[in-house]
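Note sheet for the following structure.
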Amino acid sequence: MDASNAINKTEKDRIIEKQLRFQNLLISISTTYINADLTDIDKLIRDSLKQIGEFVEADRSYVFSYDFVNNTTSNTYEWCAEGIDPEINNLQNVPVEFIPQWVDAHRKGKAFYIEDVSLLPHDGENGLRAVLEPQGIKSLIAIPKIKNNELIGFIGFDAVKKINKYAENEKEILFVYASMLVNIIQRKENEEHIIEQDKKREKLLKDLSRQNEQLNEYAHVVSHDLKAPLINIHTLITWFINDHKDALDENDIKPLNLALFNVEKMDNLIKGILDYSTVDRLESEDSKIDINLILEEVKQTLLIPNTITLNIQDNLPHLYGNAWRFKQIFQNLIQNAIKYSDKNEGIIEVGCVEKTDTFEFYVKDNGIGIKSNYFDKIFKVFTKLENTSSSSGIGLSIVKKIVNYYGGAIWLESQENQGTTFYFTFLKP
């Protein structure tokens, strides 16, 4: 092997060895970026600018952002070698018209590279040479930053002490570094966006909680205030009927009875509002509840017609919660089944099926059934299938609110004229 071939081989080995070291450096920086918590992204970027800048023997490395709304570009990060003056404060809101060749190359996704600034033409006080020479720049390379196919800035490396040459493979590696920077900045932006959304969500939840509390308090106060005059109205009408029953005919009695019916309807509505607003306001502590006893107490409070048979499964489970809430659930559902029974032999069944993590209860009847387009509506406050009774239309809303309060779910299956089954779940204690 002659001397020239030996030199060429040594040079090739040196180039390959440098490429490998460059790639290992990028891998190291990438690993740091991946494992970083991004609480100090500025330091991460400055550290990597220093590492890359020193490796490519630059004297200054930096990051710029483009603002194509105002047609300017600004220096956002900078590293300078020892003895090199920083320029970041002097390079804010630089008009892009000063660097048209620069921007044109970046728009095409290419690096802008000047090997020797002194060879640039003298093109006026705002020309590229006039911009670079005062900074002492002899060579530079600027790699575009692309985010979602949009040009957002560039990463640059200045050589001040000597002319610096970049091989094509070095340019390619710098493009990889530019992509890494874009990714970590985007990651930071995404984290900040998530944090901001979480803060907004937390504030919204607090506001909703406060509004719900105020609404429940308002409902509680207003309901109590309304009950007193209703009692007075009911009492006065009843007295009037009793005192004048001999003088009143059917036409006189009919509007008075209608007034009593509406008073009863309003009283039930107020009671429903009070119960609904009380669901999540109970101050008594939760405890282990025997559902068998709860249903026995509910049976004692309900007026069950002779035409209806109520079958309750034996050995129902124990749950952890508030007795009043559980009574409300079964009382409203059974009362509902009684109300909408149209059979000579009505049957209501109450039972439970044990699942992996929950107890699935059901209240089943053979009544009039419910149209499928009402399945979602019936759980809304004041929704009733018909408006001929004094019912408040709040009972099923109370049931759903209590089930949701305990983290369960409620749904129904029904066929018209065949009956309805309400299902609801509670987590196992």
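For the sequence shown, this note's numbering gives the first residue as 24, with consecutive numbering after it.
Ideal placement from N, C-alpha and C gives every residue a C-beta, glycine not left out.
Since this is a predicted model, take the numbers as computed values, not measurements.
Per-residue burial, residue i [other beta carbons within 10 Å of its own, 16 or more giving buried]
{"i": "W434", "result": "exposed"}
{"i": "N359", "result": "buried"}
{"i": "Y89", "result": "buried"}
{"i": "T96", "result": "buried"}
{"i": "D388", "result": "buried"}
{"i": "S141", "result": "exposed"}
{"i": "H145", "result": "exposed"}
{"i": "A29", "result": "With a pLDDT of only 48 at A29, under the threshold of 50, the placement of this residue in the model should not be trusted, and no figure is reported."}
{"i": "Y397", "result": "exposed"}
{"i": "S395", "result": "exposed"}
{"i": "L163", "result": "buried"}
{"i": "S415", "result": "Reliability fails at S415, whose pLDDT of 49 lies under 50, so the model's placement of it is uncertain and no value is given."}
{"i": "I166", "result": "buried"}
{"i": "L325", "result": "exposed"}
{"i": "I217", "result": "exposed"}
{"i": "K277", "result": "exposed"}
{"i": "I15", "result": "The structure shown does not extend to residue 15, since the chain spans only 24 to 452, so no value can be given for it."}
{"i": "R348", "result": "buried"}
{"i": "Y100", "result": "buried"}
{"i": "W102", "result": "buried"}
{"i": "F87", "result": "buried"}
{"i": "Q323", "result": "exposed"}
Where residue i sits in the DSSP three-state scheme
{"i": "A182", "result": "strand"}
{"i": "E393", "result": "According to the sequence provided, residue 393 is Ile. The question's Glu does not apply to it. In the structure shown, I393 sits in coil (DSSP, three-state: anything other than H, G, I, E or B)."}
{"i": "D275", "result": "helix"}
{"i": "I53", "result": "Sequence inspection shows Ser at residue 53; the Ile mentioned does not correspond to that position. Helix, per DSSP."}
{"i": "N98", "result": "strand"}
{"i": "F447", "result": "strand"}
{"i": "G430", "result": "coil"}
{"i": "D388", "result": "strand"}
{"i": "F91", "result": "coil"}
{"i": "S415", "result": "Note that S415 scores 49 on pLDDT, short of 50, meaning its location in the model is unreliable; the coordinates nonetheless yield the value given after this. DSSP places S415 in coil when its eight states are reduced to three."}
{"i": "F398", "result": "coil"}
{"i": "Y363", "result": "coil"}
{"i": "P157", "result": "helix"}
{"i": "E460", "result": "Residue 460 falls outside the range modelled here, since the chain spans only 24 to 452, and no answer is possible."}
{"i": "Y189", "result": "coil"}
{"i": "K131", "result": "coil"}
{"i": "H267", "result": "coil"}
{"i": "N329", "result": "coil"}
{"i": "H145", "result": "coil"}
{"i": "T62", "result": "coil"}
Bridge partner(s) assigned by DSSP for residue i
{"i": "H341", "result": "D313"}
{"i": "K403", "result": "Note: K403 sits in no beta bridge, so no partner."}
{"i": "R69", "result": "Per DSSP, none; premise fails for R69."}
{"i": "N334", "result": "E372"}
{"i": "E436", "result": "T444"}
{"i": "I208", "result": "Answer by DSSP bridge pairing: none, since I208 is not bridged."}
{"i": "S162", "result": "A182"}
{"i": "L85", "result": "Residue 85 is actually Tyr in this sequence, not Leu. In the DSSP output, where bridge partners are listed per residue, Y85 has E101, G179."}
{"i": "F284", "result": "None; F284 has no bridge partner."}
{"i": "T381", "result": "L450"}
{"i": "V79", "result": "Its beta-bridge partners do not exist; DSSP assigns none."}
{"i": "K223", "result": "DSSP, once it has assigned bridges, lists no residue as partnering K223."}
{"i": "P123", "result": "According to DSSP, P123 bridges with nothing at all."}
{"i": "L174", "result": "I169"}
{"i": "I137", "result": "L163"}
{"i": "P118", "result": "T95"}
Residue i at chain D interface by Cβ criterion, 7 Å
{"i": "F353", "result": "Among the protein chains of the structure shown there is no chain D, as only one such chain exists."}
Residues of its chain near residue i, where Cβ-Cβ distance is below 6 Å and the 5 sequence neighbours each way are ignored
{"i": "G369", "result": "T330, I331"}
{"i": "Q441", "result": "G392"}
{"i": "Q158", "result": "E110"}
{"i": "N410", "result": "Summary for N410: the model assigns pLDDT 49, below 50, so the residue's position carries little reliability, and this model does not support an answer."}
{"i": "K161", "result": "V140, A182, I186"}
{"i": "T444", "result": "Y385, K387, E436"}
{"i": "Q220", "result": "none"}
Own chain residues within Cβ distance below 7 Å of residue i, not counting five before or after
{"i": "E383", "result": "C375, V376, Y446, T448"}
{"i": "F402", "result": "L419, S420, K423"}
{"i": "D380", "result": "L450, K451"}
{"i": "A81", "result": "F180, D181, A182, N187"}
{"i": "Y136", "result": "I164, Y189"}
Sequence-distant residues of its chain with Cβ nearer than 8 Å to residue i (five each side left out)
{"i": "I52", "result": "S71, Q74, I75, Y200, M203"}
{"i": "L318", "result": "I335, L339, F353, V373"}
{"i": "E439", "result": "I391, G392, I393, K394"}
{"i": "Q209", "result": "K170"}
{"i": "F198", "result": "A134, I166"}
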